[in-house]
Structure formats: structure tokens, C-alpha cells
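Here's the structure we're looking at; comments come further down.
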Amino acid sequence: MMTQPVLDISNLSVDYQTPRGTVQALRHIHLQVPPAKVVGLVGESGCGKSTLISAVIRLMAENAHVAEGEIRFMGLDLQAMSAAELRGIRGRDISMVFQDPMTALNPVLTIGRQMKDIQYRDPLSGKKKRERAARMLERVGISDGLSRLDNYPHQFSGGMRQRITIAMALLVKPKLLIADEPTTALDATLEVQIIRLLKDLQTDFQCAILFISHHLNVIAELCDYVGVMYAGELVEKGTVRDIFHRPGHPYTRSLLECDPSVIEEPTRFLPTIPGDIPSLIDLPEGCIFQDRCEKVMSVCRKTQPPAVHLAEHHTAACHFLEE
Amino acid sequence: MNWIKEIFFRLRNEPMGIFGLVLVLLVVLCAVFAPFLVTHDPNALDIVNRLAGPSADHWMGTDQLGRDVFSRVVMGSRIAVWVALVTVSLSLGIGLVLGMMAGYGPKWMDSGLLLLFDTLRSFPTIMFALALVTVFGPSLQTVIIVIVATTFPVYGRMVRTQTQALAGNEFIVAEEAMGAGMMRVLGVHILPNIVGPLFIVASMDIPVVITIEAGLSFLGVGVRPPTPSWGAILNDGYAYIRNTPWIIIFGGIPLIVTTLGFTFLGESMRDMFDPKLRKDL
Amino acid sequence: MLFYLLKRVGLAVVIVVVAVVLLYSMIHVVPGDPASVILGPRATPEMKQELHKLMGLDRPFVVQVVSFLGKVARGNLGMDFFSQRPVAEIVFKQLDETLVLVLASITWAMLLGIPLGCYSAVFRNTFSDKLVGVFSIGVIAVPSFVVALYSLLFFAVTLKWLPAIGAGESGQFLDQARHLILPAFAIGLGWVGYIARLVRASMLEVLNENHIRRARAFGLPETTIVFHYALKLAILPTVTLLGTGIGRLISSAVFAEIVFARPGIGKLIFDSVVSRNYPLVMGAVVVSTVLFVLSTTISDSINAMLDPRVRERL
């Protein structure tokens, strides 16, 4: 990638301090988001996706801290910024869409008020801000935007609320939009609509998107690049074709096999990956996936696998691929 | 008895709790050893020296009849502790019995007892006390009756809820199937589970109860003179407030110490046992 | 929901009825004859009988109770024998005075308590938070009449900054306000702690919610978040929980009125008790019980509207 990435995460490790010990939630994450491209992050619950986002926008839990690594946004070191500078970036250059539309909006304030508040940095008049908000609402498919600004969140359905949060996220014209499982709480038909909406908007607004989900079909439809996370590590990353057509890492392959949407014949048994995520406090030596991998070898139990280059943008961390 | 050891162990981390415990011990010890701590006979009159300020002979001064305030305050601790013990025990006892009956017994008993609980709880205590005093005249017994009557419903409700929750449990049903009588079920199974929370609520009640007695005695509708309840001392002090400030000053201090002590201790204990706050989970 | 409300109001009515019956029984089924007390030791048997008839004491007990309940329902609380005025009139006039005092106390308690609670929640677990916590518990623990006595002693008698007695000249607002300061302070102090704790707990819950996180993710200034996004939500449950403290409020008011010799329902009851004025005591206690039941019913109902789990507990 020749141009400077919008988001450049290098060697990021994040720990949580708990009474039971230090949880190494993220380990040596290298990830980049190119300008105006969509990067997807896929993985099971608990793999560290949310921790990663929290680290980027620096709204982490009190007991979390960055053990090592850098997060650069447009070349700026996010870790080195003061709280005030960071607040300046949030909601202007980086914006977010959260998972649960039912709780993402303040129930006692009107949509209009909330959409006006996020424009607090703009010198426009209140009226102009409302107009912008109304237009954005209509852009995401909520008709009659101006009058609906005076409604409260509970007067909208779940799908509409998610559209509103997307409208809010794009209203500030960010360079990077981070979407944390935005369709997980919606049913399948709504999911399709929202993803189509995001695609359209991304083309229009030309913003980069970091899209987290564990729904593989959505990732496949929306993303340009994909990263696969497992238990705090980025085990594979590449273009969306690389990942879905030529998956390298055994975990990625299992994920694709087990995805219910690829099952073609009726069956009573949904394939699963046997075993559990290892403890993040007492990490095993060697590869993190060793206990659940069908291709496990003795070297896997002793040394961490290196990132093996499989194609121009495609790498996977696996000993088996070294041959 | 393990939980007593656990309390002391955890208390080490709570400065507020330790402070509370120290104050409580101070008051309790004072009450227990009161006859040995007094410097004068609390009822001895010395009209010549009335309304005097603190001095070497009278550490807290004298009241309007020349009685030594310090000795009266010390004896007052006995009354406070005595009232607390009696009322809380009676309330707990009645609440326990009635609560278990309500939770375990037939529906009509439950409804009737619930009504009793809610009615008694709806009287503002002071009003109720004043009404009773109009009828029966002021005395310590009346005060105790009032306090017990307005506090046992709280325990009754707690016990009832717990009993109902536990009564549906499988192991109780199993025991019943094997022929265990109501008394056994209540005593062996239900009781140990309720003791903990009840203990904490009761300990938070103690300062409230002491305050009520003091308040009623202050109004003159509690203990009869010359009993040196702290409230009565404050009553004397109030009547002579323009002559000397010391009676009120020294009469109020033991109340403040006692209520602060028990409340800090109780809050600490409650924090310790609140599962949401346990840091080792 | 409606069902719960009906049940709750029904329960409230039943409670009031039972309470009134209880009170009536206590006062009239007691050895010792109200008539003798009222008429004094030199009353002749004929006079007593006459008074009995007048007071309706010669009828069977159940009839007495029912008739009394009926009168109460119609707002008739009987006649005060000493002044020959309707009890209801006397009681409600004094109730006004008490309400002013109670309002002033709660107002100042909120003015200090709410900011303290917010501050504690925002600066959770810092030294200041813990300090405010200890202070809150402390003021709740100390009896309000002791606070009243100390303030009286200190500010009124010793320093003479504020008046010690009464409610001030009627019609003179500033004077009445001056007289309100110390009693309202004494009653309100405990409430500052109570409110601060409630607000803190409520704010902590709200500040943890998703929409607050989202607002922060948009870089909104912290003051906007705390005061406009969080506090608005946190206040409502706090207000409803205040209803459960009403009983204490009534008691505190009684003491404050007596200590500062202010007119009000507390002083009224106290004086009537001392003079064994049964009808007045009955009337005042009935009114305060009804008020108490009313406020707890209202706050329980609002609570139930906000929290569906509460409805199961009835």
C-alpha cells in the first residue's frame, strides 16, 4: 500500500489487570486500514475484537492498558495524544456505530437534540445543523426527516434506530468509521438492508470502514480486506477473495466450514470446532490454536508461528504453511 | 461461627468499619462497666452547684439539680444499649416467627399477616408513639412497645420473602415428602439461610432504635425522670439552654458517637457482604 | 400495570382503614375514661354520662368505629372540645406550616445533595468520593433533633446570628425566611447524605450505559454528558426513592418544630398529647398517617411504572 493508511496498528498488545491475574487480551496485532477501503475483522466472541476498538478510540476499561505497540491515525500517534486532542478526533475524524441499536441512543433526548449535539464543533447555526441532520436521516432511508427529528428513540423500530446511528456516524464526515457488530442485533432481512445502506454510503462518502462482525456473509459482501482474529491474535489477513477462496490458517478454514450459511444439504449436525478458547492468563507455549487444530504438529507446541506470506496482501501465522 | 471470623478478617480493609467498631466497643463497654465508671451517684442532688460548667470534680458539669452530667451520661449508655438489645431482639423474634408463618403457611395467613405488616409499617413511628403515650402515659415500656411494633414488620417481610423463596426449593419438597414437620423444615433449612441478611439489617436498626428512644425521652414522653436516658438529659439541657450550653453539648455527644459507630460498622458489613462489591469474585 | 395500580391503591385504602380502627380502639377501649380526663376530677356521674352521649361513647363499640370511619371519609375529624372548633380545620391549618418547613428542607437538601452525588459518581473511588461517602453516611446516622439542638445552641443562642424561636412575623417574607433557616438546615442535613448516595448510585448505573459510551465516542464534552445526558436519566429513580424517606421526614419535622417552637403539625400533636386532647391527637395522627400512606403509594406506583420487576413483589 503506497498511500498512508488511515489507521495503522503495529504490534499492539493490550492487557487487563484482574484479581485472577493479567489477561493478555491482545497480542502483537498488526493491522492497517487503507483510505476509503473497508476492512473486516472476523472472529468468535471473546477473540478481542471489542478490545481492539476500545484501544483505538481509547475508551478502554479502567483496568486495561496498552502493553506495547502503536496506533497511528493519519500518521498521528493516538497513544501520545492528550485526552483533549483525542476528544477532538472522536466524532469528527473517527466515528463509531455500535452493536445494540436499542441502547445506543439516549432515551430522554430527541433524535434531533442528539444529532445536533454531535455537531457541536461546527460554527453553523442551530437551524442549519438541524437541516443537515434531517437530510442525513433521509439519506439513510428515514423519510420526513425534519419532523422526525423531534421524536424520541423509543418511537423508532430497531432497524430504524440503527439507521439513525449510522446517520449520526456519517454526519460528521469521518475519515474512518468503526462499526462494531452493527447488524448482530438485527434480524436477517434488516441486516441485508443495513449492509446495502453501508455500501452505498461508503461509496458516496469515501470513508474507510473498520467493520467487526462474526457474520461471515456480511463480511464477504461488504469488505475489501479481512482480518481473522482468534483469542487475541490476528491469525490471518488478506483481501476478501484471499480469505474466502484460499484460506490459509486452519482456524479460518474451520470457520468457513462451520458457517451455517454454507451448509447446502439439510443436516441435523452443525459442524463446530471442538475445544474451547485457551485461558488468556496462562497462555500456552507455541501456537494459540494448538489444542483445536487438526493439523497440529510438534513444532506448534513449542514456538509461535511466524507470519507466512501467501500472496501480496495475504499473510497467515501457521507452521503448517511454512512448507 | 465462621462468619464472625470472616467479618473480622475483612474488616481490616475498611477504615470506616474499624472506626465504627471502635466506637461501638466504646459504648458497649461503657454500658457494661457503667457502675464502675461513674464518678458520682447519677441521681445525687447538689443544688448549690447547679448548672456549672466542666470542672475537675464534674468532668461534664452539672445539670439544673446539681447532678453530675458525666455520671448520668455514663448510666445513660446502659439505657441505650438495653433498649437496643430488647427492642431488636423482640422485633427479630416476632418478625422471624410471623415471617416464617406467612411464608410457609396457608394463603389466608399470608395475606392477613402481610396486611398487618404493611399497616404497622405505615405509621410514622413518632406519631404512633405519641398516640400511645396519650393513652397509656409515658414510660420506657411504652417506648419499647412502639418501637417493636413499628420495626418487626420489616423483619417479618424479609423473613417471609426468604421463606417463600426457599419453600419452593427442591430439597424442602424432598424433606416434606419424607415426612419432616414444619418446625424442622423451618429450623434446620430456612433459618440458617436467613440469618446473615437479618443480622445486617438488625445491626443497621440499632442506631435507629436508640435514636427513637432518645427522641421520645427528649420530648418527655419516654423514660420517666430521674432516669438518665440521653434523651432526657438533652431535655434538661434544652430547658436550660440559655443558662448553660454544656448539658446539651455533652448530652449530644454520646448519641452522635453511638449512631455514627453503629452506622459505620453496619454499612461496612453490608458492603462486605454485597456480592456486587466483592473484589475477589 | 393498571392492575398493579388498582391493587396498590386498594391496599393503601385498606391500610388507612385498619390504621384508623387501630387508633380508635387504642384510645377508646382503654381503662380510664376519656370523659373523666376531659371534664376533670370534679365531674359528676351525670356530667360524664352527658359527655358520653355527646361523644357517642354510649353506643356499642363496632358502631362507634364504623361511624368514625364514615366521618373521616367525609373529612369530619370531630370537634376539639377545648376550643369548640372542628379538628380538621385546626389540623390542616397547622399542616400548611409544616409543609413549608418540609419543602424548604428538601429543597436545600437537593441543592447540595444532587451536585455532591454527581461529583461522587464522576470521580468514583477517588479520595474525595470516599470522603463524600463517609460524610453522607455520617449525616444520615446522626439524629436530626441532635443537629437541631446543636444548631440552636450554636447559631441562635451563642452567636445570636439567627432567631431561636417561632416562625417569624406573618406577612413578612424575609423574617419568615430567617426563621426557616435553622430548622430547615437541621432536617435537611440528613437528607443531603441520603440524596447524595441515591444520586451517586443512579448516576453510576447510567454512566455505564451504552448510549453514554456512544456519546463519549463522539467526543462530546464531559460536562454535556454528565449534566444533559446522564443526570436527566439518573434523577427520576432518585426522586421516586425519596418517597420511602417520608416517614423520617415527618418525624424530623416534629422535632424541629418543637425544638424551635414553630407552629406546625408536630407542635400541635405534642401539645395535644400533653393536654390529653384525644380528638386532636386522633385527628392529627390520622391525617399524618394518610399523608404517609399517600406518599408511599405514589412513590411505589411511580417506581412500578419505571421498573417492571417491582410489580411482582406486591
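Protein chains in written order, with the working numbering: chain A, 16 to 338; chain B, 1321 to 1601; chain C, 60 to 373. Where is the CB? At the ideal position from N, CA and C, for every residue including glycine. Note that the coordinates shown come from a computational prediction; the quantities given were computed from them, not determined experimentally.
Original post:
On the three-state DSSP scale, how would you describe A:Ser-110?
Top reply: Along the first sequence, read from residue 1 onward, the residue named residue 110 of chain A stands at position 95. Of the three classes helix, strand and coil, the one that applies to A:Ser-110 here is strand, per DSSP.
**OP:** Grab the span of the beta strand (DSSP E) containing A:Gly-55 for me, first residue to last.
**Re:** Here residue 55 of chain A corresponds to residue number 40 of the first sequence, with the count starting at 1. Residues 53-57.
Original post:
Can you tell me where the beta strand (DSSP E) with C:Gln-235 in it begins and where it stops?
Top reply: For the purposes of this step, residue 235 of chain C is taken as residue 176 along the third sequence, with counting starting at 1. C:Gln-235 -> not in any beta strand (DSSP E); alpha helix (DSSP H) instead, spanning 232-266.
Subject >> Whole-number beta carbon distance between A:Pro-20 and A:Val-57, since they are thought to touch under 8 angstroms >> reply: If you number the first sequence from 1, residue 57 of chain A lands on position 42. If you number the first sequence from 1, residue 20 of chain A lands on position 5. In fact, because the Cβ distance is near 19 angstroms, the residues do not count as touching under 8 angstroms.
Original post:
Name the DSSP bridge partner or partners of C:Tyr-288?
Top reply: Residue mapping note: residue 288 of chain C aligns to position 229 of the third sequence, counting from 1. C:Tyr-288 pairs with nothing; no bridge assigned.
Original post:
Hey, out of B:Met-1478, B:Val-1479, B:Leu-1436, whose CA is closest to B:Ala-1469's CA?
Top reply: Your numbering for residue 1469 of chain B matches position 149 in the second sequence. Nearest option by C-alpha distance: B:Leu-1436.
**OP:** Kindly identify the DSSP beta-bridge partner or partners of A:Leu-27.
**Re:** Locating residue 27 of chain A in the first sequence gives position 12, counting from the first residue. Beta-bridge pairing links A:Leu-27 to A:Ile-44.
Subject >> Sequence ranges, alpha helix (DSSP H) only - wholly within the region 251-325 of chain A, length at least 4 >> reply: 255-260, 265-273
Original post:
Going by other Cβ atoms of all chains shown within 10 Å of its Cβ, with 16 needed for buried, is A:Asp-30 buried or exposed?
Top reply: Taking the first sequence and counting its residues from 1, the one referred to as residue 30 of chain A is at position 15. With 16 or more other Cβ atoms within 10 Å, it is buried.
Original post:
What residue range is occupied by the uninterrupted beta strand (DSSP E) comprising A:Asp-195?
Top reply: Taking the first residue of the first sequence as position 1, residue 195 of chain A is located at position 180. Its beta strand (DSSP E) spans residues 191-195.
Original post:
Mind checking C:Thr-217: buried by the 16 CB within 10 Å criterion, or exposed?
Top reply: Taking the first residue of the third sequence as position 1, residue 217 of chain C is located at position 158. C:Thr-217 comes out exposed.
Subject >> Local conformation of C:Val-146 per DSSP, three classes >> reply: Taking the first residue of the third sequence as 1, we reach residue 146 of chain C at position 87. Helix at C:Val-146.
Subject >> Below-8 angstroms beta-carbon distance, C:Arg-67 vs any chain B residue >> reply: Numbered from 1 along the third sequence, position 8 holds the residue referred to as residue 67 of chain C. Not closer than 8 angstroms to any Cβ of chain B, the Cβ of C:Arg-67 fails to qualify, so no.
Subject >> A:Ala-223, enclosing beta strand (DSSP E) - first and last residue >> reply: Numbered from its first residue, the first sequence carries residue 223 of chain A at position 208. From DSSP, the beta strand (DSSP E) with A:Ala-223 extends over 223-228.
**OP:** Would you kindly check if the distance between the Cβ of C:Val-77 and the Cβ of C:Leu-128 is under 8 angstroms?
**Re:** As a working note, residue 128 of chain C is residue 69 in the third sequence. As a working note, residue 77 of chain C is residue 18 in the third sequence. No, they are not a contact pair.
Subject >> For B:Phe-1448, the nearest candidate out of C:Leu-154, C:Asn-362, C:Thr-348, C:Thr-355 (CA to CA) >> reply: Translated into positions along the second sequence, residue 1448 of chain B becomes position 128. Among C:Leu-154, C:Asn-362, C:Thr-348, C:Thr-355, the Cα nearest to that of B:Phe-1448 belongs to C:Thr-348.
Original post:
Going along chain A, which residues have a C-beta under 9 angstroms from C:Glu-268?
Top reply: For this step, residue 268 of chain C is matched to residue 209 along the third sequence. Near C:Glu-268 (Cβ distances below 9 angstroms), the residues of chain A are Thr-118, Asn-121.
Subject >> Nonlocal neighbours in the same chain, by C-beta distance under 7 angstroms from A:Gly-160, ignoring five residues either side >> reply: Your numbering for residue 160 of chain A matches position 145 in the first sequence. Here the set comprises Ala-149, Arg-150, Leu-152, Glu-153.
Original post:
Given a threshold of 16 other Cβ atoms within 10 Å of its Cβ, counted over all protein chains shown, does C:Val-191 qualify as buried or as exposed?
Top reply: Locating residue 191 of chain C in the third sequence gives position 132, where the first residue counts as 1. Buried, since its Cβ has 16 or more Cβ neighbours within 10 Å.
Original post:
For C:Tyr-83, which residues in chain B fall below 8 angstroms Cβ to Cβ?
Top reply: Here residue 83 of chain C refers to the residue found at position 24 when the third sequence is read from its first residue. Chain B residues near C:Tyr-83: none, gap ~10 angstroms exceeds 8 angstroms.
Original post:
For B:Ile-1530, does the count of other Cβ atoms within 10 angstroms reach 16, so buried, or fall short, so exposed?
Top reply: Here residue 1530 of chain B corresponds to residue number 210 of the second sequence, with the count starting at 1. Buried.
Subject >> Sheet register partners of A:Tyr-245 (DSSP bridge) >> reply: If you number the first sequence from 1, residue 245 of chain A lands on position 230. Answer is A:Glu-248.
**OP:** List the residues that DSSP assigns as beta-bridge partners of A:Gly-36.
**Re:** On the first sequence, position 21 is the one that residue 36 of chain A refers to. For A:Gly-36, which the question treats as bridged, DSSP gives the partners A:Thr-33.
Original post:
Quick one: which chain A residues come within Cβ less than 7 angstroms of C:Phe-120?
Top reply: On the third sequence, residue 120 of chain C is found 61 positions in, with the first residue counted as 1. Here the premise fails: no neighbours, minimum Cβ distance about 54 angstroms.
Subject >> Cα-Cα separation, C:Ala-343 to B:Ala-1422 >> reply: Locating residue 343 of chain C in the third sequence gives position 284, counting from the first residue. Locating residue 1422 of chain B in the second sequence gives position 102, counting from the first residue. If I take the Cα positions, the gap works out to 32 angstroms.
Original post:
Under a Cβ-count criterion, where at least 16 other Cβ atoms within 10 Å of its own Cβ denotes burial, should C:Leu-373 be classed as buried or exposed?
Top reply: Within the third sequence, the letter at position 314 stands for residue 373 of chain C. Residue placement at C:Leu-373 cannot be trusted, given a pLDDT of 47 that sits under 50; the coordinates are not used to answer.
Original post:
What does DSSP give as the partner residues of C:Met-138 in its beta bridges?
Top reply: Counted from its first residue, the third sequence places residue 138 of chain C at position 79. BP columns for C:Met-138 point to C:Pro-145.
**OP:** Confirm, please, whether the CB-CB distance from A:Ile-126 to A:Arg-178 is below 8 angstroms.
**Re:** For the purposes of this step, residue 178 of chain A is taken as residue 163 along the first sequence, with counting starting at 1. For the purposes of this step, residue 126 of chain A is taken as residue 111 along the first sequence, with counting starting at 1. No, the Cβ-Cβ distance between A:Arg-178 and A:Ile-126 is not below 8 angstroms.
Subject >> Where the region 131-151 of chain A meets chain D: residues whose CB sits under 9 angstroms from a CB there >> reply: Here chain D cannot be found, since the structure's protein chains are A, B and C.
Original post:
Exposed or buried, which one is C:Glu-281 when buried takes at least 16 other CB atoms within 10 Å?
Top reply: Counting from one through the third sequence, the residue named residue 281 of chain C turns up at place 222. Exposed.
Original post:
Quick one: what's A:Leu-91 bridged to in DSSP?
Top reply: Stepping through the first sequence from its first residue, residue 91 of chain A is reached at position 76. Answer by DSSP bridge pairing, in chain order: A:Phe-88.
Original post:
Using a Cβ cut-off of 7 angstroms, which residues of the region 1547-1568 of chain B contact any Cβ in chain C, in chain order?
Top reply: Leu-1554, Tyr-1558, Ile-1561, Arg-1562, Pro-1565, Ile-1568
Original post:
Tell me which same chain residues have a C-beta within less than 8 angstroms of the C-beta of C:Gly-197, skipping the five on either side of it?
Top reply: Here residue 197 of chain C is taken as the residue at index 138 of the third sequence, counted from 1. The residues are Gly-252.
Subject >> Closest by C-alpha distance to A:Glu-327, when choosing among A:Arg-283, A:Lys-252, A:Gly-290 >> reply: Position 312 of the first sequence, counted from the first residue, corresponds to residue 327 of chain A. Ranking the options by Cα distance to A:Glu-327, first place goes to A:Lys-252.
**OP:** Going by DSSP, name the residue or residues bridged to A:Tyr-240.
**Re:** Start at 1 with the first residue of the first sequence, and residue 240 of chain A comes out as number 225. Note: A:Tyr-240 sits in a beta bridge opposite A:Val-54, A:Thr-254.
Original post:
When the Cα atoms are used, what is the spatial distance from A:Val-311 to C:Leu-290?
Top reply: The residue given as residue 311 of chain A occupies position 296 in the first sequence. The residue given as residue 290 of chain C occupies position 231 in the third sequence. Using only the alpha carbons, I get a separation of about 55 angstroms.
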